[in-house]
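Here's the structure, in structure tokens; my notes come after.
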Amino acid sequence: MTATNDNDQLEAQFAQWREFVQRRRELRQSDADELEDHLRGSVDDLMKAGLHADEAFLVAVKRMGRLDELSREFAREHSERLWKQLMLVGEGDAAAPESRSRRDLLAMVICAAGAAVSIKAPDLFGLTFEDDSAFYARNFSLFALPWLAGFLAWRRRAKPLLIGVLVTLFALGAVGANVYPLTEDSQSLVVTSLHLPIALWLVVGLAYVADEWRTSRRRMDFIRFTGEWFVYYVLIALGGGVLIAFTVGTFEAIGISPDEFIGNWLLPCGVVAATVVAGWLVEAKQSVVENIAPVLGRLFTPLFTAVLLAFLVAVVWTSRGIDVEREALILFNLLLVVVLGLLLYSISARDPLAPSGLFDKLQLALVVSALVIDVLVLVEITGRITEYGTTPNKAAALGVNLILLANLFWSAWLLSRFVGRRTPFAALERWQTGYLPVYAVWTWFVVLAFPPLFDFV
Amino acid sequence: MKLAKDLVAASATPMVLGILAEGESYGYAILRRINELSGGKLDWTEGLLYPLLHRLERLGYVESSWQSVAGGRRRKYYRITDRGLAELAEQRRQWATVTDALNEIWLDRVELNRLIPIGSLA
Chain A
1 MTATNDNDQL EAQFAQWREF VQRRRELRQS DADELEDHLR GSVDDLMKAG LHADEAFLVA
61 VKRMGRLDEL SREFAREHSE RLWKQLMLVG EGDAAAPESR SRRDLLAMVI CAAGAAVSIK
121 APDLFGLTFE DDSAFYARNF SLFALPWLAG FLAWRRRAKP LLIGVLVTLF ALGAVGANVY
181 PLTEDSQSLV VTSLHLPIAL WLVVGLAYVA DEWRTSRRRM DFIRFTGEWF VYYVLIALGG
241 GVLIAFTVGT FEAIGISPDE FIGNWLLPCG VVAATVVAGW LVEAKQSVVE NIAPVLGRLF
301 TPLFTAVLLA FLVAVVWTSR GIDVEREALI LFNLLLVVVL GLLLYSISAR DPLAPSGLFD
361 KLQLALVVSA LVIDVLVLVE ITGRITEYGT TPNKAAALGV NLILLANLFW SAWLLSRFVG
421 RRTPFAALER WQTGYLPVYA VWTWFVVLAF PPLFDFV
Chain B
458 MKLAKDLVAA SATPMVLGIL AEGESYGYAI LRRINELSGG KLDWTEGLLY PLLHRLERLG
518 YVESSWQSVA GGRRRKYYRI TDRGLAELAE QRRQWATVTD ALNEIWLDRV ELNRLIPIGS
578 LA
């Protein structure tokens, strides 16, 4: 064995050791450097004392003690490291990820600024929030979501084909929102304003999954992304609310009313820019912070189950029919959305291989009780529609209800088979991810086909 | 003889500050110096030394800098600050009080061999 050979082997051992150290989240890059220097000093001394390189390495590592204990001691001094910190830019520790996160930050700032500028751009052509609220209502998502999709596409280095598809779909959304002659008080305007954001969000999903749009895993990632994005958006919105409250309070104290500034600038720009910022946050912190949406799902599944079961008992006990007012269908639609959300986010965090447990039975109870309630509502509402004829509002609400009902019905079936240990859990996951295109088809159908179908009412 | 853990921990700060008061140094050298000073009886682990150095740095008693050494390696050197020197002086006073008191008892009043159980002498 030659000296260089020995040296190479030693270097390989050091490289391996570094890899182990770097896996510890308590130990930073600089700690690894420091400990490596220590180890090398120890190895040098041992070799001077006559040991072979590999023997010296073994002894030195052994002397350093178990990595577990070492990192525990480090954690005691650096307890903040156990609270995974999300740095806006890298810590200056590792060179490569830092430049990456810096570029991400820059791209995010550009996209967020772009969104803020784009929502003020129509102002140049005399379209103000007060006088043209209908224009802004149906176009709002078009000022925000293309920028988020652009950011995601940039991050994933999207191929020209995908970019072409994205641009086409957003252009189609703009056409659907603007070419039909809808008056300010037409129902179709409301329906479009509600469905276009969902249709476009699924386009954002396309940018998110990029080339892997066929795989179930990747679509599930998009569902996770959606949940986390929502949570972050709500948090940012809360912060924005505090900012606005203080802006109003402080400026009014000196006799200046900032209402104009807030209504025309801060709020609209903030709302669209936050869309991009929330998306960036989810991307940046993916592995840094525990996902919160599944935690909320787990927390609220038992509570919602209890409320729905209590409601069912009350309906049976008092033998009262559900009074279906105009808003009722929307309320029950939202209920189905919440139940579906609880189901989705529990699925998203679940180990697909774990056997069924109490929580799955609870979920089954939740889904089944939601189904029963919804069937009761549907029986009532179809009676009304056949009696009075249909409107875009009712048709859209009914359509959404049926789509969610179909989803939950099959989910309940799969869940019951899973609880009975007859199908694997993955079937439920595949069903949910496979269902995503149904939402896309329906929302696009509503946006593009409803106005002509209902004579632009 | 193995020193009690509490005693090692309590004496760690003045020990490191004292060594750094001799001149700037780095982790491995500090550990070797401690070994040498105690005749090998104080066996510090890396898990004790490095977090302690980082804590002293956070408290402003020492400051650190990365320097290149032979072999293309980077080494983190620690240097004591004025605050560190003041802390060292304070710790020395406290330790002197403790050792003086203990010496009073042990040297003047109680003889060491009386403390050894009779059975173990046989």
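Chains A and B supply the protein sequences, listed in that same order. With this note's numbering as the guide, the letters of the first sequence map in order to residues 1 to 457. With this note's numbering as the guide, the letters of the second sequence map in order to residues 458 to 579. Here a beta-carbon is modelled for each residue, glycine too, at the ideal position from N, C-alpha and C. What you are looking at is a predicted structure, and each value in this text was computed from that prediction instead of being measured.
Terminal residues of the alpha helix (DSSP H) in which tryptophan 523/B lies:
To locate residue 523/B, count along the second sequence from 1; it is residue 66. For tryptophan 523/B, there is no enclosing alpha helix (DSSP H); the enclosing beta strand (DSSP E) covers residues 519–526.
I believe leucine 545/B touches leucine 474/B by the beta-carbon criterion, under 8 Å. Please report the beta-carbon distance rounded to the nearest angstrom.
Numbered from 1 along the second sequence, position 88 holds the residue referred to as residue 545/B. Numbered from 1 along the second sequence, position 17 holds the residue referred to as residue 474/B. Contact between leucine 545/B and leucine 474/B holds: CB atoms are separated by about 4 Å, below the 8 Å threshold.
Identify the continuous beta strand (DSSP E) that holds isoleucine 292/A and give its terminal residues.
In the first sequence, counting from the first residue as 1, residue 292/A sits at position 292. DSSP places isoleucine 292/A in no beta strand (DSSP E); its state is neither H nor E.
At the level of alpha carbons, what is the spacing between valine 203/A and leucine 166/A?
Locating residue 203/A in the first sequence gives position 203, where the first residue counts as 1. Locating residue 166/A in the first sequence gives position 166, where the first residue counts as 1. If you draw a straight line from the Cα of valine 203/A to the Cα of leucine 166/A, it comes to about 7 Å.
Nearest chain B C-beta to glycine 41/A closer than 8 Å, yes or no?
The sequence position of residue 41/A within the first sequence is 41, counting from 1. Glycine 41/A belongs to the set of residues whose beta carbon lies under 8 Å from a beta carbon in chain B.
Enumerate, from N- to C-terminal direction, the unbroken beta strand (DSSP E) stretches of 3 or more residues contained entirely within the region 126–169 of chain A.
With a minimum length of 3 residues, no continuous beta strand (DSSP E) run stays inside the region 126–169 of chain A.
Interface residues of chain A around tyrosine 485/B at Cβ under 8 Å?
Sequence index remark: in the second sequence, residue 485/B carries index 28 (1-based). In chain order: Asp37, His38, Gly41 and Ser42.
Length at least 4, wholly inside the region 185–209 of chain A: the alpha helix (DSSP H) runs in chain order:
At a cut-off of 4 residues, the continuous stretches assigned as alpha helix (DSSP H) that sit fully inside the region 185–209 of chain A are 187–209.
Residues within the region 491–509 of chain B neighbouring chain E, beta-carbon criterion of under 8 Å:
Checking the listed chains, one finds no chain E in this structure; the protein chains it contains are A and B.
Determine the chain B residues that contact leucine 70/A at a beta-carbon separation under 7 Å, and present them in chain order.
In the first sequence, residue 70/A corresponds to position 70, counting from 1. By Cβ distance, chain B contributes Glu503 and Gly504.
Looking at the C-beta of phenylalanine 74/A, does it have a partner C-beta in chain B at a distance below 8 Å?
Translated into the one-based positions of the first sequence, residue 74/A becomes position 74. Put simply, the CB of phenylalanine 74/A is near chain B, with a gap under 8 Å to one of its CB atoms.
Taking the alpha carbon of valine 375/A as the point to measure from, which residue in Pro355/A, Pro392/A, Leu398/A and Arg102/A has its own alpha carbon closest?
The count along the first sequence starts at 1 and reaches residue 375/A at position 375. Selected option, being the one with the closest Cα: Leu398/A.
For serine 257/A, the three-state DSSP class (helix, strand or coil)
Reading the first sequence from its first residue, position 257 is the one you call residue 257/A. Coil at serine 257/A, not helix or strand.
Start and end residues, alpha helix (DSSP H) containing tyrosine 439/A:
For the purposes of this step, residue 439/A is taken as the residue at position 439 of the first sequence. Per DSSP, the unbroken alpha helix (DSSP H) holding tyrosine 439/A starts and ends at 426–453.
Between the CA atoms of leucine 196/A and tryptophan 265/A - distance to the nearest angstrom
In the first sequence, residue 265/A corresponds to position 265, counting from 1. In the first sequence, residue 196/A corresponds to position 196, counting from 1. Each residue's alpha carbon lies about 23 Å from the other.
If the criterion is Cβ atoms closer than 8 Å, does the pair tyrosine 233/A and alanine 278/A meet it?
Locating residue 233/A in the first sequence gives position 233, counting from the first residue. Locating residue 278/A in the first sequence gives position 278, counting from the first residue. Closer than 8 Å, so yes.
Would you kindly report the start and end of the unbroken alpha helix (DSSP H) that includes isoleucine 537/B?
Indexing the second sequence from 1 puts residue 537/B at position 80. Looking at the DSSP string, isoleucine 537/B is not in any alpha helix (DSSP H); the run it does join, the beta strand (DSSP E), is 530–537.
My output table needs one value for tyrosine 483/B: the three-state DSSP class, helix, strand or coil.
Within the second sequence, the letter at position 26 stands for residue 483/B. Annotated three-state conformation of tyrosine 483/B is strand, per DSSP.
What would DSSP say about threonine 390/A, mapped onto helix, strand or coil?
For the purposes of this step, residue 390/A is taken as the residue at position 390 of the first sequence. Coil.
Could you check the C-alpha separation between alanine 94/A and glutamine 29/A for me, to the nearest Å?
The sequence position of residue 94/A within the first sequence is 94, counting from 1. The sequence position of residue 29/A within the first sequence is 29, counting from 1. Confidence at alanine 94/A is low in this model, with a pLDDT of 43, below 50, so its placement is unreliable and no value can be given for it.
Return the CA-CA distance between glycine 92/A and leucine 127/A, expressed in angstroms with no decimal places.
Locating residue 92/A in the first sequence gives position 92, where the first residue counts as 1. Locating residue 127/A in the first sequence gives position 127, where the first residue counts as 1. Confidence at glycine 92/A is low in this model, with a pLDDT of 41, below 50, so the placement of that residue is unreliable and no value is reported for it.
Can you look up alanine 107/A in the DSSP assignment and give me helix, strand or coil?
Within the first sequence, numbered from 1, the residue matching residue 107/A stands at position 107. Here alanine 107/A sits in helix by DSSP.
Who are the Cβ neighbours of leucine 513/B in its own chain at under 6 Å, not counting the five residues just before and after it?
Stepping through the second sequence from its first residue, residue 513/B is reached at position 56. Annotation for leucine 513/B: Val519 place their beta carbon closer than 6 Å to its own, counting only its chain and skipping 5 residues before and after.
Does DSSP put tyrosine 507/B in a helix, a strand or coil?
Along the second sequence, read from residue 1 onward, the residue named residue 507/B stands at position 50. Tyrosine 507/B carries a helical assignment under DSSP once its states are collapsed to helix, strand and coil.
Compare the Cα-Cα distances from leucine 308/A to each of Gln363/A, Leu414/A and Asp455/A and report the closest residue.
Translated into the one-based positions of the first sequence, residue 308/A becomes position 308. Minimum Cα distance to leucine 308/A is reached at Gln363/A.
Are the beta-carbon atoms of serine 411/A and leucine 436/A separated by less than 8 Å?
Taking the first residue of the first sequence as position 1, residue 411/A is located at position 411. Taking the first residue of the first sequence as position 1, residue 436/A is located at position 436. The answer is no: Cβ separation not under 8 Å.
Between the CA atoms of glutamate 260/A and leucine 148/A - distance to the nearest angstrom
The residue labelled residue 148/A in the question sits at position 148 within the first sequence. The residue labelled residue 260/A in the question sits at position 260 within the first sequence. Distance between the alpha carbons of leucine 148/A and glutamate 260/A: 27 Å.
Is lysine 459/B close to chain A, meaning its C-beta is less than 8 Å from at least one C-beta of that chain?
Here residue 459/B is taken as the residue at index 2 of the second sequence, counted from 1. Not one chain A Cβ lies under 8 Å of lysine 459/B.
Hey, out of Gly41/A, Asp68/A and Val282/A, whose CA is closest to valine 59/A's CA?
One-based indexing of the first sequence puts residue 59/A at position 59. Nearest C-alpha to valine 59/A: Gly41/A.
Look at the alpha carbon of threonine 318/A and the alpha carbon of leucine 312/A, and state the distance between them as a whole number of angstroms.
Within the first sequence, residue 318/A is the residue found at index 318, counting from 1. Within the first sequence, residue 312/A is the residue found at index 312, counting from 1. In a straight line, the C-alpha of threonine 318/A is about 10 Å away from that of leucine 312/A.
Report the neighbours of aspartate 6/A on chain B: residues whose CB is nearer than 9 Å to its CB, in chain order.
Looking up residue 6/A in the first sequence gives position 6. Those within 9 Å of aspartate 6/A in chain B number zero; the least Cβ separation is about 15 Å.
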